[in-house]
Amino acid sequence: MTKQIIGQKKLICQCLSILPMEDFECPLLDYGKKLTTKSLLKIFVAAQLDQWSSYSHMEEKLRAYPDLRKEVDIKNISGSQLSRRINEFPTEMIQKMFVKVASKIRLLTQEFKGISKGIGRLNIVDSTEIRLPENLCDWAFISKGHNAVKMHTRLVVVSKEVSFPDKIVPSTGTVSDFESSEFIIEEDEATYVMDRGYPSKKNLTDWLDKNISFVTRITKNLVLYSLEEYEPTHPSIKRDALVNFGISNIPVRYIEFVDEKERIYRILTTRFDLTDQQILEIYKNRWLIELFFKWIKGHLKLTKIWSTKPQGIWNQMFLALIALGISLIIKLQTRSTKTPWEFFRILQTYLYLPGRRIYNELNRKKKRSKGRQKIPIPIEKDKPLFGNVALVKKRKN
Numbered sequence: 002m003t004k005q006i007i008g009q010k011k012l013i014c015q016c017l018s019i020l021p022m023e024d025f026e027c028p029l030l031d032y033g034k035k036l037t038t039k040s041l042l043k044i045f046v047a048a049q050l051d052q053w054s055s056y057s058h059m060e061e062k063l064r065a066y067p068d069l070r071k072e073v074d075i076k077n078i079s080g081s082q083l084s085r086r087i088n089e090f091p092t093e094m095i096q097k098m099f100v101k102v103a104s105k106i107r108l109l110t111q112e113f114k115g116i117s118k119g120i121g122r123l124n125i126v127d128s129t130e131i132r133l134p135e136n137l138c139d140w141a142f143i144s145k146g147h148n149a150v151k152m153h154t155r156l157v158v159v160s161k162e163v164s165f166p167d168k169i170v171p172s173t174g175t176v177s178d179f180e181s182s183e184f185i186i187e188e189d190e191a192t193y194v195m196d197r198g199y200p201s202k203k204n205l206t207d208w209l210d211k212n213i214s215f216v217t218r219i220t221k222n223l224v225l226y227s228l229e230e231y232e233p234t235h236p237s238i239k240r241d242a243l244v245n246f247g248i249s250n251i252p253v254r255y256i257e258f259v260d261e262k263e264r265i266y267r268i269l270t271t272r273f274d275l276t277d278q279q280i281l282e283i284y285k286n287r288w289l290i291e292l293f294f295k296w297i298k299g300h301l302k303l304t305k306i307w308s309t310k311p312q313g314i315w316n317q318m319f320l321a322l323i324a325l326g327i328s329l330i331i332k333l334q335t336r337s338t339k340t341p342w343e344f345f346r347i348l349q350t351y352l353y354l355p356g357r358r359i360y361n362e363l364n365r366k367k368k369r370s371k372g373r374q375k376i377p378i379p380i381e382k383d384k385p386l387f388g389n390v391a392l393v394k395k396r397k398n
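Numbering (the working numbering), first residue to last: 2 to 398.
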């Protein structure tokens with residue numbers, strides 16, 4: 002991949018060439034359609050990578066760059082064609098591409114040990130809400146003045162620096178975290194990390210029956226029966242115990258701790274092999290998914306919707322995460338030490354330049370500053386220059 006990145010081909014074309022398109026080669030898939038499936042998907046992934054803001058913006062970009070038109074295999078296109086196709090396009094097919102991109106990332110990160118060698122990999126699950134226009138999306142009604150959808154997400158944490166979503170479940174805003182749990186929490190070697198919206202007696206029992214490893218915050222309503230007490234190893238940890246809940250006969254571990262604002266956290270876990278402080282470290286890493294949601298809304302502009310139709314919005318969710326996955330694949334293959342946001346910003350800067358230019362930028366050594374020089378004589382503060390145009394009223398002392 003490094004050789005491909007340092008080639009002459011425009012970086013955005015190289016990004017699109019990474020997409021797993023083998024399932025979209027069938028001519029019957031596009032019978033009678035002017036805009037092929039491969040072209041459609043490449044255009045929308047490019048739109049996410051470069052943050053095209055509207056359908057007219059997409060037209061302008063494609064007109065401006067012949068190499069990009071060649072990569073997506075179109076001569077000309079209209080925004081109305083793009084709008085119609087993305088609204089009717091089966092989300093299952095885009096979901097299939099997303100799964101393949103996530104599989105590529107898994108392959109590239111298979112040697113990663115997780116947060117630490119002892120803790121291992123984490124699967125953090127949570128949902129984020131995306132607000133929709135009140136007058137255009139009645140189908141997403143929650144309450145007066147509040148229309149929204151949700152993206153239920155599983156974020157795989159493979160190291161302290163690298164995490165990626167490997168599964169999402171789109172839903173209307175009325176679907177709770179509890180209702181989504183059976184689709185997002187599956188058997189895996191990683192430890193699931195969750196907040197209070199996911200555990201219930203039924204869910205906890207199901208997870209234990211399936212040998213799913215978890216660290217989850219619980220509500221006060223869940224009744225626990227103490228079996229054995231352990232000695233806490235940190236002042237913020239108030240209790241470490243072996244407990245049962247409800248009718249379950251399988252014991253679990255209960256840890257209670259307080260944060261710096263004296264808020265109490267009740268944690269239930271199956272990880273008996275870790276210290277109480279390691280359990281706290283796992284739960285505190287749940288914040289990574291909040292940072293992830295903030296990142297995709299801010300930098301992938303997921304809150305800027307292209308469609309007011311349900312299927313169009315589901316498709317945009319998957320396409321945004323496919324674009325994120327492509328960025329991460331290149332980051333991993335170039336072995337860049339940049340943060341995800343730093344790398345994505347550099348990627349956007351070099352999208353329409355030869356790919357080798359980003360490789361040069363990633364390997365550029367920063368010049369070290371000599372620092373501020375000490376000046377022995379104090380200098381009088383300069384008076385601000387207001388010019389001759391603005392109206393200025395001097396402040397009274």
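By construction, the Cβ of each residue, glycine as well, lies at the ideal position given by its N, Cα and C atoms.
As the structure is a prediction and not an experimental result, all values here were calculated from the model.
Local conformation of residue i per DSSP, three classes
| i | result |
| --- | --- |
| residue 239 | strand |
| residue 309 | coil |
| residue 124 | strand |
| residue 83 | helix |
| residue 204 | helix |
| residue 181 | helix |
| residue 11 | strand |
| residue 21 | coil |
| residue 100 | helix |
| residue 390 | coil |
| residue 328 | helix |
| residue 73 | helix |
| residue 259 | strand |
| residue 298 | helix |
Contact set for residue i: own chain, Cβ-Cβ below 7 Å, skip 5 residues either direction
| i | result |
| --- | --- |
| residue 289 | 125, 156, 158, 164 |
| residue 176 | 151 |
| residue 68 | 11, 14 |
| residue 330 | 19, 105, 106, 109 |
| residue 345 | 300, 328 |
| residue 294 | 129 |
| residue 196 | 127, 218, 287 |
| residue 353 | 11, 13, 66 |
| residue 302 | 52 |
Cutoff 6 Å; reference residue i; Cβ partners in own chain excluding five residues on either side
| i | result |
| --- | --- |
| residue 200 | 217, 219 |
| residue 317 | 307 |
| residue 178 | 128, 198, 199 |
| residue 313 | 87, 88 |
| residue 103 | 167 |
| residue 209 | 251 |
| residue 214 | 192, 271 |
| residue 70 | 63 |
| residue 40 | 73, 74, 75 |
Those residues which DSSP pairs with residue i across a bridge
| i | result |
| --- | --- |
| residue 217 | 195, 269 |
| residue 169 | 154 |
| residue 66 | According to DSSP, residue 66 bridges with nothing at all. |
| residue 148 | 133, 142 |
| residue 254 | 243, 270 |
| residue 225 | 246 |
| residue 231 | 241 |
| residue 164 | 158 |
| residue 355 | 11 |
7 Å Cβ cutoff, residue i in contact with chain B
| i | result |
| --- | --- |
| residue 174 | Included in the structure is just one protein chain, with no chain B present. |
Length of the line joining the Cα atoms of residue i and residue j
| i | j | result |
| --- | --- | --- |
| residue 88 | residue 266 | 43 Å |
| residue 169 | residue 361 | 35 Å |
| residue 203 | residue 221 | 16 Å |
| residue 274 | residue 185 | 25 Å |
| residue 81 | residue 52 | 19 Å |
| residue 366 | residue 100 | 36 Å |
| residue 148 | residue 304 | 13 Å |
| residue 135 | residue 146 | 6 Å |
| residue 292 | residue 315 | 21 Å |
| residue 2 | residue 326 | The pLDDT assigned to residue 2 is 42, lower than 50, so where the model puts this residue is not dependable; a value taken from the coordinates is nonetheless given after this. So the alpha carbons of these two residues sit roughly 15 Å apart. |
| residue 77 | residue 188 | 46 Å |
| residue 259 | residue 319 | 38 Å |
| residue 350 | residue 166 | 24 Å |
| residue 43 | residue 73 | 6 Å |
| residue 335 | residue 355 | 15 Å |
| residue 154 | residue 57 | 31 Å |
| residue 211 | residue 180 | 18 Å |
| residue 323 | residue 90 | 16 Å |
Own chain residues within Cβ distance below 8 Å of residue i, not counting five before or after
| i | result |
| --- | --- |
| residue 276 | 234 |
| residue 339 | 332, 347, 363 |
| residue 120 | 192, 275, 279, 282, 283 |
| residue 35 | 82 |
| residue 50 | 13, 16, 324, 327, 328, 348, 349, 352 |
Cβ-heavy atom distance, residue i to the ligand HEM, below 6 Å
| i | result |
| --- | --- |
| residue 238 | The ligand HEM is not part of the structure shown, which contains no ligands of any sort. |
Check whether the segment 125-144 and the segment 294-311 touch, using three or more Cβ-Cβ pairs below 8 Å as the test. With the cut-off at 8 Å, the segment 125-144 and the segment 294-311 touch.
Report yes or no: do three or more beta-carbon pairs, one from the segment 270-287 and one from the segment 136-145, lie closer than 8 Å? no
Using 8 Å as the threshold, is the segment 111-124 in touch with the segment 189-199, meaning 3 or more CB pairs across them? Counting Cβ pairs under 8 Å, three or more are found: they touch.
For the segment 219-230 against the segment 240-257, are there 3 or more C-beta pairs whose distance is under 8 Å? yes
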